[in-house]
Amino acid sequence: MTEVSIAVAEDHGLSAEEFERIQTILGRMPNLLELGIFSVMWSEHCSYKSSKRHLAKLPTEAPWVVCGPGENAGVVDIGDGQVAIFKMESHNHPSFIEPYQGAATGVGGIMRDVFTMGARPVAMLNALRFGSPSHPKTRHLVAGVVAGIGGYGNCVGVPTVGGEIGFHGSFDGNILVNAMCVGVAQADRVFYAAAAGIGNPVVYVGAKTGRDGIHGATMASAEFSDTTEAKRPTVQVGDPFKEKLLLEACLELMAGDAIVAIQDMGAAGLTSSSFEMASRGGTGIELDLDQVPARETGMTPYELMLSESQERMLLVLREGAEADAEAIFSKWELDAAVIGRVTGSGRMVLRFDGTVVGDVPIAPVAGASPVYDRPAEPMPPVLAVAPELVREPVGTVAALERLIASPELCSRRWAYEQYDSTVMADTLAGPGGDAAVVRVHGTAKALALTVDCTPRYVQVDPVRGGAQAVCEAWRNLTAVGAMPLAITNCLNFGNPERPRTMGQLTGAIQGMAKACRGLDFPVVSGNVSLYNETDGRAVQPTPGIGGVGLLDDWSRRIEVGIVEPGLQLVMIGDAPGWLGASLYLRVVCGREEGMPPPVDVSVERRNGDFVRGLMDEGLVRACHDVGDGGLLVALVEMALAGGCGFTTTEPADVATGAAWWFGEDQARYVVAVAEEAVADLLHEASASGVLARPIGHTGGDQIVVEPHGRVAIDRLRALSEGWFPAYMSGLDRQTS
Amino acid sequence: MKVRIVVSLRDGVLDPAAETIRRSLGALGFDGVGAVTQRRVFEVEIDGRDEAAALEEARAMADRLLANPVIETFVVEPVG
Amino acid sequence: MKVRIVVSLRDGVLDPAAETIRRSLGALGFDGVGAVTQRRVFEVEIDGRDEAAALEEARAMADRLLANPVIETFVVEPVG
Amino acid sequence: MRAAVVTFPGSNCDRDLAVAFAKATGRIPVRVWHAETELPPVDVVGIPGGFSYGDYLRSGAIAARSPILRAVAAFAAKGGRVLGICNGFQVLTEAGLLPGALVRNAGQRFVSRWVELRVENDATGFTAGWRAGDRIRLPVAHHDGNYVADETTLAHLEATGAVAFRYADNPNGSARAIAGVCNDARNVLGLMPHPERAIGAELGGSDGAVLFRSLVAALA
Ligand SMILES: Nc1ncnc2c1ncn2[C@@H]1O[C@H](COP(=O)(O)OP(=O)(O)O)[C@@H](O)[C@H]1O
Ligand SMILES: [Mg+2]
Chain A
1 MTEVSIAVAE DHGLSAEEFE RIQTILGRMP NLLELGIFSV MWSEHCSYKS SKRHLAKLPT
61 EAPWVVCGPG ENAGVVDIGD GQVAIFKMES HNHPSFIEPY QGAATGVGGI MRDVFTMGAR
121 PVAMLNALRF GSPSHPKTRH LVAGVVAGIG GYGNCVGVPT VGGEIGFHGS FDGNILVNAM
181 CVGVAQADRV FYAAAAGIGN PVVYVGAKTG RDGIHGATMA SAEFSDTTEA KRPTVQVGDP
241 FKEKLLLEAC LELMAGDAIV AIQDMGAAGL TSSSFEMASR GGTGIELDLD QVPARETGMT
301 PYELMLSESQ ERMLLVLREG AEADAEAIFS KWELDAAVIG RVTGSGRMVL RFDGTVVGDV
361 PIAPVAGASP VYDRPAEPMP PVLAVAPELV REPVGTVAAL ERLIASPELC SRRWAYEQYD
421 STVMADTLAG PGGDAAVVRV HGTAKALALT VDCTPRYVQV DPVRGGAQAV CEAWRNLTAV
481 GAMPLAITNC LNFGNPERPR TMGQLTGAIQ GMAKACRGLD FPVVSGNVSL YNETDGRAVQ
541 PTPGIGGVGL LDDWSRRIEV GIVEPGLQLV MIGDAPGWLG ASLYLRVVCG REEGMPPPVD
601 VSVERRNGDF VRGLMDEGLV RACHDVGDGG LLVALVEMAL AGGCGFTTTE PADVATGAAW
661 WFGEDQARYV VAVAEEAVAD LLHEASASGV LARPIGHTGG DQIVVEPHGR VAIDRLRALS
721 EGWFPAYMSG LDRQTS
Chain B
737 MKVRIVVSLR DGVLDPAAET IRRSLGALGF DGVGAVTQRR VFEVEIDGRD EAAALEEARA
797 MADRLLANPV IETFVVEPVG
Chain C
817 MKVRIVVSLR DGVLDPAAET IRRSLGALGF DGVGAVTQRR VFEVEIDGRD EAAALEEARA
877 MADRLLANPV IETFVVEPVG
Chain D
897 MRAAVVTFPG SNCDRDLAVA FAKATGRIPV RVWHAETELP PVDVVGIPGG FSYGDYLRSG
957 AIAARSPILR AVAAFAAKGG RVLGICNGFQ VLTEAGLLPG ALVRNAGQRF VSRWVELRVE
1017 NDATGFTAGW RAGDRIRLPV AHHDGNYVAD ETTLAHLEAT GAVAFRYADN PNGSARAIAG
1077 VCNDARNVLG LMPHPERAIG AELGGSDGAV LFRSLVAALA
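Residue numbers (this note's numbering), protein chains in the order written: chain A, 1 to 736; chain B, 737 to 816; chain C, 817 to 896; chain D, 897 to 1116.
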């Protein structure tokens, strides 16, 4: 075995101090296996050493929260003895190296986090950021990632119902692939990952262990550089078929009382799963590594402990339940083996070939990993962009056409038509609208689901941007008629050793926390991905928010599309006309500048609660939140979704036309209501302190923007649908 | 002339399909089935090149399109 | 011993994947690319049989599972 | 009408199909595991969508050789009705219970969308609730839905009215835009689109329910 030295420790991504600390904990020099274990457990990916103290500031409680951060996924009560279990996770680096497999295994990993807790996954979402479309790698990455997400989720048979895709040059060298999984379980059958019961068998089930992804966790924690190419052999390959078998077998076993604890093997494989289980249970574990089902010959303890082979689970069973479990696993054609026992020693003891090859105390490795309070520096202040100083290079309708046809706003049909969004036959609203709506099988309820973030806002003002992402998720859920419940999140940032990046991270968390508190919208799970940076160039900070809401009665969900003529369109919320950091400025004027729009959480809440009230009264025929691209884009999206046109008129009192039509002021919705409801609506609005303003009416097959001009829906549809397929029809390597 | 490009998974990379095929051969009653590996083979007609140039061209095709270098390797050979 | 089973599409069955590859090769600037065909190759380790018996066994595997006679044909050959 | 739904490892529309049968018949269908060698006494057997055995090798190939398929073949030979949807259709072609084969979509990508179909033959127990020529909407979600068969077979299918459904706008390159076919005896139907996902307006459409109601009527 390799002699352990500081050089070997550094190769494992450990600092000199961390190496010291390991020796103090053990009272001796670690062997290579032990060093490997420490290195993955103390990697940024597993230990959250840079983010931990800041994450603690996020609000995580509400009466409906059953389990917040700390377990494999968050759990919220959805009534009738049922819970929703969900989490979002990144697979950025692997997807950049091998887009198909990277994205596929990302989907698989997050599904396991959800079904390991006893939930049947019912929906998948994803949030993707790619580099500039003109970057030579972008097309290949888009093709591979989209195919990989579909290839995995479609095979397992969980509908992919929503997501977002963004393009920006800051992602040229580091794409973001975040996947979210949502499951449903019985509240009294939620499974946790605390190993308990001395003597209980520790059981391995699923795919055999190969040499896949050894050091994936440390790779995810290291900044990219041109030499990363050499790390390629660590790419894991997913087997969605095996995942499906594992899912069904686990759920079948969970129906009985065999399981004491269960934990997926994710990053850092057997190491993190066994340490986390023992740590949560305050116990010890003894593993006999000879019993681990191996795919290749001659695998060493180091490889067995650090492999990131996919589709594997670790369970602690009630003693005597082994045979029941074995029967279910063999029915589902899965390899399973008792590989160890729970002990009371508080230590992880690893045996191989008859000898003890590793012996490490659990608590210092899992619980007491280093925590850093890295220096943080705020972003330099930026001036607001006064609407009057924005020269309009083209007319309103031409600007609208450019926005609708732009990579940022055009239809994502090319991507989502590769995702099975209708399997399980409960998808009421799939990709393409606001939040997706998925019926809770066999009930009157439905879950509303969304993922949101506006990295260009976070880039300029992390606090505002963090708050905005949470608000937008809340707004999207509200727009379909749901009561927002809670969020998961995935924080994608650059190198935390740079104070600027740390400032972005702490700022975003601060903004998120404020919004979550103000909206009663707590964080129940999440993931942090740092070092999204290549040769010093970091991604736009992207705190992706995955929101979950509940509709008590799915038949009352609200559609985004306008289908009927003769309805009045009313804008809820104020619109001074904020063009800073807007898409209009970026896409139409070619300017990336200015402060992002202010976020007032109390206004957000008031406006959203008001809209939900209108929905409860049955007044709302269609609703859409106003987001990227502003009011006119929101209106056009409603028209494209429903097929009915509208006429809207620019008010006399606006700052500028562009500010009114394309400003990205927050906390806004457009609702379509019957003519006769308008007076009441306006009255109720003013009584509630909510700004509401009629802005037009529906009808025809044109979009009429007085006094600027008109354009046929069909033309806008062609523009919206055109960009993606045209772009992707460029050349590419085969992706599957 | 015609060139053959044989694309195989790199050593150690999981091939779930091959594993599933192996199992089902067993279930169909074929016993004594050991390892199963799968490869993809392309045969490409390349005009107006001598053998060396055609093989070079085929290698470039594999590199750029037919094989995924992250998980696959390839060999090229003349056909016939 | 090891046996190779080469599965090809029957003549006259369209192979859109091969066609797509041909077009992409052209678009990538490879000129003079004529027909492209794809095959799948399985290599199966079969224990304790002599060559004739192993080939017989491989033929049965192809017949019963590895090839779909509606659209595919196959040949078997010893490896090495 | 009593229905059974077969589950293979990797099936993922088995529950959805069972729900659709239950909604149409008022009876919970029997679930049958692939390893079983006999079918329960039923009138119709559903082979569901999904990725049986991961669709490794060829879609439906391994499932087509599983023990239960022998029983399904025997059931079909005696006139029992068999409905294969998506992966189920692939399984039935691989098992030789339906002609042709389903290969990779012409566009090479997975296709998930609602498509318009034309009902070609209303004289089957699966389609009697429609009139030939009806336009219906169902979702498709598949990677290997490109129907191929030799010219003789295609000519035979057309001549005998075995083509049950045709795409209005071919999403996968299928020969003659074929979306679903019957056997000569008309008791076995396979189709790529998913009628079981279109059994209520809330799901985007209810045209699929007609197929299940047709079966109930045919077996009444
Ligand atoms: N940004 C975050 N916000 C809230 N919780 C988080 C965040 N990042 C990580 N967590 C929580 O920390 C725990 C460990 O996360 P992770 O290592 O991703 O889990 P796993 O190993 O199960 O994938 C989880 O409970 C997760 O929900
Ligand atoms: Mg986990």
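The beta carbon of each residue, even a glycine, is placed where N, CA and C say it ideally should be.
Practice item. With hydrogens ignored, establish whether the beta-carbon of V528 of chain A is closer than 6 angstroms to any heavy atom of ligand 1. Key: Yes, since a heavy atom of ligand 1 falls inside the 6 angstroms radius drawn around the Cβ of V528 of chain A.
Practice item. Assign L383 of chain A to one of two classes, buried (16 or more other C-beta atoms within 10 Å of its C-beta) or exposed (fewer than that). Key: In this structure L383 of chain A is exposed. Its beta-carbon is surrounded by fewer than 16 other beta-carbon atoms within 10 angstroms.
Review point. Where DSSP assigns a beta bridge to D359 of chain A, which residues make up the other side?
Key: Beta-bridge pairing by DSSP links D359 of chain A to A:V349.
Practice item. May I ask you to check if the CB of D113 of chain A is nearer than 6 angstroms to at least one heavy atom of ligand 1? Key: Yes; taking the cut-off as 6 angstroms, the Cβ of D113 of chain A has a heavy atom of ligand 1 nearer than that.
Review point. Which bits of chain E does I1095 of chain D rub up against, with CB to CB less than 8 angstroms?
Key: Here the protein chains are A, B, C and D, and chain E is not one of them.
Exercise for review: Spatial neighbours of G762 of chain B within its chain, please: CB distance less than 7 angstroms, with the 5 preceding and 5 following residues excluded, ordered by chain position.
Suggested key: Apart from the 5 residues on each side of it in sequence, G762 of chain B sits with its Cβ closer than 7 angstroms to the Cβ of V769 in its chain, given in chain order.
Review point. Beta carbon of P69 of chain A: closer than 6 angstroms to some heavy atom of ligand 1?
Key: Yes; taking the cut-off as 6 angstroms, the Cβ of P69 of chain A has a heavy atom of ligand 1 nearer than that.
Point to revise | Amino acids of chain B, ordered along the chain, whose beta-carbon sits closer than 9 angstroms to that of G850 of chain C | key: Result: K738, V780, E781, I782 and D783.
Point to revise | Host beta strand (DSSP E) of I25 of chain A (start-end) | key: Per DSSP, I25 of chain A is not a residue of any beta strand (DSSP E); the alpha helix (DSSP H) it occupies stretches across A16 to L26.
Review point. Is the beta carbon of F810 of chain B sitting closer than 7 angstroms to the one on V749 of chain B?
Key: No, Cβ-Cβ distance for F810 of chain B and V749 of chain B is not below 7 angstroms.
**Study point:** Contained beta strand (DSSP E) runs [length at least 3] in the region 453-510 of chain A, N- to C-terminal order
**Key:** Fully enclosed beta strand (DSSP E) runs of 3 or longer: 483-492.
Point to revise | Reduced DSSP category for C623 of chain A - H, G, I as helix; E, B as strand; rest coil | key: It is a strand residue.
Point to revise | Per DSSP, the bridge partner or partners of Y204 of chain A | key: Under DSSP, the beta-bridge partners assigned to Y204 of chain A are A:L314 and A:A337.
Review point. Is it the case that the CB of L491 of chain A approaches a heavy atom of ligand 1 more closely than 6 angstroms?
Key: Yes; taking the cut-off as 6 angstroms, the Cβ of L491 of chain A has a heavy atom of ligand 1 nearer than that.
Review point. Candidates D:L1107, D:A914, D:L1111 and D:V1044: which alpha carbon is nearest N884 of chain C's?
Key: N884 of chain C has its Cα closest to that of D:V1044, out of D:L1107, D:A914, D:L1111 and D:V1044.
Check your understanding: Can you name, in chain order, every residue of its own chain whose Cβ lies under 6 angstroms from the Cβ of T228 of chain A, other than the five neighbours on each side?
Key -> Confidence at T228 of chain A is low in this model, with a pLDDT of 43, below 50, so the placement of that residue is unreliable and no value is reported for it.
Practice item. Just mark L913 of chain D as buried or exposed, buried being the case when its beta carbon has 16 or more other beta carbons within 10 Å. Key: The C-beta of L913 of chain D has 16 or more other C-beta atoms within 10 Å across all chains shown, which makes the residue buried.
Exercise for review: Assign V356 of chain A to buried or exposed, taking buried as 16 or more other Cβ atoms, counted over all protein chains shown, within 10 Å of its Cβ.
Suggested key: Exposed, because fewer than 16 other Cβ atoms sit within 10 Å of the Cβ of V356 of chain A.
Exercise for review: Using the Cα positions of A16 of chain A and S51 of chain A, report the straight-line distance between them to the nearest angstrom.
Suggested key: C-alpha separation (whole angstroms): 20 angstroms.
Check your understanding: Looking at the C-beta of R211 of chain A, does it have a partner C-beta in chain B at a distance below 7 angstroms?
Key -> It does; some Cβ of chain B falls within 7 angstroms.
Review point. Got a sec: does ligand 1 put a non-hydrogen atom nearer than 6 angstroms to the Cβ of G266 of chain A?
Key: Yes, the beta carbon of G266 of chain A sits closer than 6 angstroms to at least one heavy atom of ligand 1.
Review point. Excluding the five sequence neighbours on either side, which residues of its own chain have a C-beta within less than 8 angstroms of the C-beta of N203 of chain A, listed in chain order?
Key: Just to set this straight, residue 203 of chain A is Val in the shown sequence, not Asn. Taken in chain order, the residues that qualify are L314, L315, V316, L317, E322, A325, A336, A337, V338 and I339.
Check your understanding: Taking just the CA atoms, how far does T534 of chain A sit from S225 of chain A?
Key -> Summary for S225 of chain A: the model assigns pLDDT 49, below 50, so the residue's position carries little reliability, and this model does not support an answer.
Point to revise | W414 of chain A, DSSP secondary structure in three states | key: Three-state result, W414 of chain A: helix.
Practice item. Identify the continuous beta strand (DSSP E) that holds D264 of chain A and give its terminal residues. Key: I259 to D264 is the span of the beta strand (DSSP E), which, as asked, contains D264 of chain A.
Check your understanding: Any heavy atom of ligand 1 within a distance shorter than 6 angstroms of the CB on N72 of chain A?
Key -> In this structure, N72 of chain A has its beta carbon less than 6 angstroms from a heavy atom of ligand 1.
Practice item. Given a cut-off of 7 angstroms, decide if L491 of chain A and A448 of chain A are closer than it, judged by their beta-carbon atoms. Key: Cβ atoms of A448 of chain A and L491 of chain A: not closer than 7 angstroms.
Review point. Alpha carbon to alpha carbon, how far is S134 of chain A from V780 of chain B?
Key: Looking at the backbone, the Cα of S134 of chain A and that of V780 of chain B are separated by about 31 angstroms.
Check your understanding: Within the present structure, is the beta-carbon of S525 of chain A separated from the nearest heavy atom of ligand 3 by less than 6 angstroms?
Key -> Annotation note on ligand 3: not contained in the displayed structure, which lists ligand 1 and ligand 2 as its ligands.
Check your understanding: Is there a Cβ from chain D that is less than 7 angstroms from the Cβ of T836 of chain C?
Key -> Output row for T836 of chain C: interface = yes.
Review point. Interface residues of chain B around L881 of chain C at Cβ under 7 angstroms?
Key: Contact annotation for L881 of chain C against chain B: S760, L761 and L764 [CB-CB distance below 7 angstroms, chain order].
Review point. Which same chain residues, not among the five before or five after R232 of chain A, have their C-beta less than 7 angstroms away from its C-beta?
Key: Any reading at R232 of chain A needs caution, since the residue's pLDDT is 38, under 50, leaving its predicted position unreliable; the model's value is listed next. Result list for R232 of chain A: I97, in chain order.
Point to revise | L1050 of chain D vs L979 of chain D beta-carbon contact at 7 angstroms | key: Going by C-beta atoms, L1050 of chain D is not nearer than 7 angstroms to L979 of chain D.
Exercise for review: Taking only heavy atoms of ligand 1 into account, decide whether any of them is closer than 6 angstroms to the Cβ of L26 of chain A.
Suggested key: No, the beta carbon of L26 of chain A sits no closer than 6 angstroms to any heavy atom of ligand 1.
Point to revise | S1102 of chain D to R1033 of chain D span [Cα, whole Å] | key: Straight through space, the alpha carbons of R1033 of chain D and S1102 of chain D are spaced by roughly 8 angstroms.
Review point. CB of L55 of chain A to nearest heavy atom of ligand 1: below 6 angstroms?
Key: It does: the Cβ of L55 of chain A is within 6 angstroms (strictly closer) of some heavy atom of ligand 1.
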